[in-house]
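Numbered according to UniProt numbering, the sequence shown spans residues 1 to 80. Ideal placement from N, C-alpha and C gives every residue a C-beta, glycine not left out. Just so we're clear, the structure is a prediction, and the values are computed from it rather than from any experiment.
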Amino acid sequence: MTEDSSNPKVLSNKKNRGCKRKLDNELDREILIAYLEDKTPPSLDEDESFFASVIPLMKKFSEDEKLEFRIGVIKLIQDI
Numbered sequence: 001m002t003e004d005s006s007n008p009k010v011l012s013n014k015k016n017r018g019c020k021r022k023l024d025n026e027l028d029r030e031i032l033i034a035y036l037e038d039k040t041p042p043s044l045d046e047d048e049s050f051f052a053s054v055i056p057l058m059k060k061f062s063e064d065e066k067l068e069f070r071i072g073v074i075k076l077i078q079d080i
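Have a look at this one:
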């Protein structure tokens, strides 16, 4: 069975499919935006960003090195 493009019913169905796809795409876009907004981490201020940048280095430290690092940071703060 072939579609007759001169048949108004067939043309109407084709338009509806295109319209449905457009609505689906808009809905998908809205869902994606809502998801991303929900998953976006809160922005850090410059101090938090600095300490967050040090974390990967600290992950490589032993427990003793981590303790020394913390003590060193506290001493630096105390000296300022």
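Once the 5 residues before and after residue i are set aside, which same chain residues still bring their CB inside 8 Å of it?
i   : result
A52 : L44
In chain order, what residues of the same chain lie with their CB nearer than 7 Å to the CB of residue i, ignoring the 5 residues before and after it?
i   : result
K66 : M58
field: Ordered list of alpha helix (DSSP H) runs contained in the UniProt domain "BESS" (44-80), each at least 4 residues
entry: 46-58, 63-79
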